[in-house]
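**Q**
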Amino acid sequence: MNASVAKTGPNAGKIKSAARNELRKRIMGYKMLYVMLLPAIVFLIIFSYIPMYGATIAFKDFWITKGILGSPWVGLEHFEKIFRTEKFWEVFRNTIEINLLRLVFGFPAPILLAILINEVRQKFFKRSIQTIIYLPHFISWVTIAGIIFSILSTEGLVNSIIVALGGTPINFLTNDNMFRPLLIISGIWKEIGWGTIIYMAALAGINPDLYEAATVDGANRFKQVIYITLPSLLPIISILLILNFGSMMNGGFDQVFNLYNTMVYESGDVIDTYVYRIGLTQGEYSVATAIGLLLNVINFALLVLVNYTSKKLSGQGIY
C-alpha cells in the first residue's frame, strides 16, 4: 500500500527526480570510464550489430546484381534445403564430435598446466616456461600447417626415421583415422599456454594463508591442490566451460582448412569449411548465410541451457 502511494502520490515526482539525479551523479562520477568504453561500443555497433541486417539474405534468393533489398523473399526455403542435404548432417556430426574431443582433452589441459606452473618456486624458471608456452599462440595456422606437413608427410622427418629403422612410410596426413588426433594435439600445443593466463591470474588471487594453514594441518601438495586450488578455480572453470559450450558449433576454420584435404573429408570436414565451399566457391550465399544463422541459434541455445544447468548445480554462471 505504501509503495503504491509512493509511486502515485504527491511525492512521486520528487522520488523520480531524486533517482534521476542519483543516476546522473553516478554516471558523472565514472565519466572517464564511459569515455574509455565508447570506442568499444562504437566498434561493436559498426562491425557486429549493423552487419546483422545481412542475415536477411538467409530468407531471400540473393543475387549480387540485385543486392539485398532487390532480391526476392523465399521464406524458409533455404533452411528446408539444408535439412534435406545429407552432406550437411555429415559435417554437423563431424563438428560436434571434434568439438567434444577438444572439450574433453583440450579444456582441462591449460588448467593442469597452470597448476603445475604455479607449483614452480624458482621465479626465473617459472617465467621462462610461461614465455615459451605462450609463443605458439602467435604463430598462424598457415605456418603451423607447413611445419606439420614437413614433419608428417611421406618424405618428412617422421617417415624418414621410420624408413631408416626399416619400417614402411605412414600416410599421416591422408589417413582418415589420424586426422582428428592431429587436430586435437596441434590445437592443444598451440593454445595450451595462452589458455593458462586466466588460470594463473586466478591462482595469484588465492590467499597464501590457506596453504600455510593446510601445511600446518599436515596436508601435502597434492591435497592442497585438491582442496584449495581447484575449489578456488571452480568459478573461472565454470564460466569458461559455459563459453566453450556456447561455441560448440564453431569448427575452427583456420586450423581445419589449413590441415585437411579431400582424403579426410569423411572425418575432418566441418561446418565452417562446408560453408566456405558452398558460399565462396559455389556462390550459394543465401544457403551459407542460412547455415550460419542456424548455427548461431544453436550456439545461443546451448549457452543458455548450459548456463542454467551450471547455476542449478554449482551456483556459478555468466549471468
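Note that this note's numbering has the sequence shown beginning at 14, numbered continuously upward. Glycine included, C-beta positions come from ideal geometry on N, C-alpha and C.
Just tell me which of P149, L254, G179, N172 has its CA closest to the CA of G206.
**A** Out of P149, L254, G179, N172, P149 has the C-alpha closest to the C-alpha of G206.
**Q** Can you tell which of F56, L308, S323 has its C-alpha closest to the C-alpha of F92?
**A** The shortest Cα separation from F92 among F56, L308, S323 belongs to L308.
**Q** Per DSSP, what kind of secondary structure is K76 in: helix, strand or coil?
**A** The residue you asked about is not Lys; residue 76 is Trp in the sequence shown. Residue state, collapsed to three classes: coil.
**Q** Within the same chain, show all residues whose beta-carbon is closer than 8 Å to that of F118, passing over the 5 residues directly before and after it, in chain order.
**A** Excluding positions up to five away in sequence, the list reads I197, I201.
**Q** Taking all protein chains shown into account, do 16 or more other C-beta atoms lie within 10 angstroms of the C-beta of P221, making it buried, or fewer, making it exposed?
**A** So P221 counts as exposed.
**Q** Counting C-beta neighbours from all protein chains within 10 Å, is the total for I130 16 or more, i.e. buried, or is it exposed?
**A** I130 should be labelled buried.
**Q** Where does D285 land, buried or exposed, given buried means 16+ other C-beta within 10 angstroms?
**A** Classification of D285: buried, given that the 10 Å Cβ count is 16 or more.
**Q** Would you call the stretch 156-168 and the stretch 68-86 touching, i.e. three or more CB-CB distances under 8 Å?
**A** They do not touch, by the three-pair rule.
**Q** With C-beta atoms as the reference, is V288 less than 8 Å away from D189?
**A** Not a contact, by the Cβ cut-off of 8 Å.
**Q** Near S260, which residues of its chain fall below 7 Å by C-beta distance, leaving aside the five closest residues on each side in sequence?
**A** For S260, where only same-chain residues beyond five positions count, the Cβ hits under 7 Å are N312.
**Q** Relative to the alpha-carbon of I250, which residue among R39, Y212, M262 has its alpha-carbon at the smallest distance?
**A** Cα-wise, what sits closest to I250 is Y212.
**Q** Label P194 either buried or exposed according to how many other C-beta atoms from any shown protein chain fall within 10 Å of its C-beta, with 16 as the threshold for buried.
**A** Counting Cβ neighbours within 10 Å, P194 comes out exposed, since fewer than 16 surround it.
**Q** Have a look at the DSSP bridge pairing and note the partners of W86.
**A** For W86, which the question treats as bridged, DSSP gives the partners K73.
**Q** Tell me which residue opens and which closes the alpha helix (DSSP H) that P64 is part of.
**A** Premise fails: P64 is in no alpha helix (DSSP H) and is neither H nor E.
**Q** Looking at the unbroken alpha helix (DSSP H) that takes in T156, where does it start and where does it end?
**A** It spans 154-165 - the alpha helix (DSSP H) in which T156 sits, taken as one unbroken run.
**Q** I think S199 touches I146, with their Cβ atoms under 8 Å apart; what is that distance to the nearest whole Å?
**A** Not a contact, Cβ separation roughly 15 Å.
**Q** Would G264 be called buried (16 or more neighbouring beta carbons within 10 Å of its own) or exposed?
**A** Counting Cβ neighbours within 10 Å, G264 comes out buried, since at least 16 surround it.
**Q** Roughly how many whole angstroms lie between the Cα atoms of V104 and A68?
**A** Cα to Cα, the separation comes out at about 22 Å.
**Q** Could you tell me the alpha carbon to alpha carbon distance between L113 and N184, rounded to whole angstroms?
**A** Taking the straight line from one Cα to the other gives about 25 Å.
**Q** Should L195 be counted as a contact of the ligand HEM given a C-beta to heavy atom distance under 7 Å?
**A** Because no ligand of any kind appears in the structure shown, any question about the ligand HEM cannot be addressed here.
**Q** At what residues does the alpha helix (DSSP H) containing E168 begin and finish?
**A** E168 -> no alpha helix (DSSP H), and no H or E assigned at all.
**Q** With distances taken from CA atoms, which of T294, D267, G292 is nearest G281?
**A** Of the listed residues, the one whose Cα sits closest to G281 is D267.
**Q** Okay, do the stretch 239-258 and the stretch 124-144 touch, 3+ Cβ pairs below 8 Å being the bar?
**A** They touch, by the three-pair rule.
**Q** Return the chain-ordered list of same chain residues with a C-beta closer than 6 Å to the C-beta of G169, the five sequence neighbours on each side being excluded.
**A** For G169, where only same-chain residues beyond five positions count, the Cβ hits under 6 Å are S163.
**Q** Could you tell me how far apart the beta carbons of T242 and L272 are, in whole angstroms, since I believe they sit closer than 8 Å?
**A** Rounded, the Cβ-Cβ distance is 35 Å, inconsistent with contact.
**Q** Is L304 near I111, with beta carbons less than 8 Å apart?
**A** First, the residue type needs correcting, since residue 304 is Ile and not Leu in the sequence shown. Contact: no.
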